[in-house]
Amino acid sequence: MDDSRQPVRVDKWLWAARLVKTRTLAADAVKGGRVAVNGQRIKPSKDVRPGDRLEITLGQTRLAVVVRGTAERRGPASEAALLYQETAESREARERQAAERRLNATPSGERGGRPTKRERRRFEARSGRRR
0 MDDSRQPVRV DKWLWAARLV KTRTLAADAV KGGRVAVNGQ RIKPSKDVRP
50 GDRLEITLGQ TRLAVVVRGT AERRGPASEA ALLYQETAES REARERQAAE
100 RRLNATPSGE RGGRPTKRER RRFEARSGRR R
């Protein structure tokens, strides 16, 4: 019998597909409503099968993937990549969002950085703080 066609709990699948770091984080994401299977909010015990469509929100990133296979255990990243296929719309939106983040990022030199000895003394004099 082919293991990759058997239904698997969605929290286990998210962990095995390396979309989250731990099963606890996967279960929390599902409970928090950040995972939908075929457009429906679900519980962590819901089974996923090949052909199911998952919409996952991880931080600021939204992924839409189609389940291609299932796995009970977490394996190498090369095998995990075969368990799903990201939709073209999802990939374009994710790349567009990453480009916007890069354009809006402030260069590290403009953030200020560590104060010089002179700046630190001025700051301490203004705040009334002395060693």
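If you're matching positions, the sequence shown starts at 0 in numbering that gives the first Met the number 0 and goes up one per residue. Ideal Cβ placement from N, Cα and C applies to all residues, glycine included.
Unbroken beta strand (DSSP E) run spanning R61, endpoints:
For R61, the enclosing beta strand (DSSP E) stretches over residues T60 to V66.
Three-state secondary structure (DSSP) at D10?
The DSSP-derived three-state label of D10 is helix.
Tell me whether D70 sits in a helix, a strand or coil according to DSSP, three-state version.
Correcting the residue identity first, residue 70 is Ala in this sequence and not Asp. A70 falls in the coil class under three-state DSSP.
Where A15 and R120 are concerned, what is the direct C-alpha to C-alpha distance, given to the nearest angstrom?
Taking the straight line from one Cα to the other gives about 53 Å.
What is the DSSP secondary structure of D133, reduced to helix, strand or coil?
No answer is possible for residue 133: it lies beyond the span of the chain, which begins at 0 and ends at 130.
Mind the definition here: the segment 68-85 touches the segment 1-12 only if three or more C-beta pairs lie below 8 Å; say whether that holds.
Counting Cβ pairs under 8 Å, three or more are found: they touch.
Can you have a look at A98 and say buried or exposed, based on whether 16 or more other CB atoms are within 10 angstroms of its CB?
Its Cβ having fewer than 16 others within 10 Å, A98 is exposed.
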